[in-house]
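>
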Amino acid sequence: MTDPTPTPMTLAAVQTRIRDLFGAKDARRGIEGTFMWFMEEVGELSAALRDPAADPENLKLEFADVLAWLATLANIAGVDLDDAVRRKYGAGCPKCGRTPCACAAAKP
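Quick note: the sequence shown uses our numbering, first residue 67, plus one each step.
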């Protein structure tokens with residue numbers, strides 16, 4: 067039975083969950099094979115984002131797949147995503163240091 071009010075997952079919890087579920091398989095596949103699967107999932111997300119008739123539930127699942135494969139890559143590479151994001155973005159914009167970013171130019 068599914069809990070109607072699931073507990074929110076932190077980025078660290080997501081990474082741990084993916085490691086617990088698939089860690090042994092992921093290690094056997096290696097970084098190159100895993101990266102190819104990650105790119106395939108990014109492509110599926112891209113297609114879902116471009117489709118005006120896309121099912122919103124499917125779009126959510128595509129985002130989840132991309133996050134899961136990113137966590138898998140991080141696990142294989144020995145990268146703690148929570149620590150990496152905190153170091154890069156925890157103090158604000160990496161360039162100007164502000165929140166929200168006050169850099170003049172935005173990427174298109």
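Beta carbons: idealized from backbone N, C-alpha and C, even for Gly.
For residue 174, which of helix, strand or coil comes out of DSSP?
In this structure, residue 174 counts as coil in the three-state DSSP scheme.
> Ignore the nearest five residues each way along the sequence and tell me which others in residue 133's own chain have a CB closer than 8 Å to its CB.
So the qualifying residues of the chain are 80.
> Considering only C-alpha positions, which residue in the set 116, 82 and 74 is nearest to residue 135?
Ranking the options by Cα distance to residue 135, first place goes to 82.
> Ordered along the chain, which non-local residues of its own chain (more than five positions away) have a Cβ less than 7 Å from that of residue 104?
Contacts found: 135, 136 and 139.
> With burial defined as no fewer than 16 other Cβ atoms inside 10 Å of the residue's Cβ, what is the status of residue 128: buried or exposed?
Flag for residue 128 reads buried.
> Go ahead and pull the three-state DSSP assignment for residue 122.
Residue 122: helix per DSSP, three-state reduction.
> Rounded to a whole number of angstroms, what is the C-alpha to C-alpha distance between residue 163 and residue 170?
Residue 163 and residue 170: Cα-Cα distance of roughly 13 Å.
> State yes or no: is the C-beta of residue 97 within less than 8 Å of the C-beta of residue 143?
The answer is yes: Cβ separation under 8 Å.
> If contacts are defined as beta-carbon pairs under 8 Å, then residue 99 and residue 141 qualify, I think. What distance do you get, rounded to the angstrom?
Actually they do not touch by this definition, with Cβ atoms about 14 Å apart.
> Find the nearest neighbour of residue 109 within the set 125, 121 and 119, judged by alpha-carbon distance.
Residue 125 is the option with its Cα nearest to residue 109.
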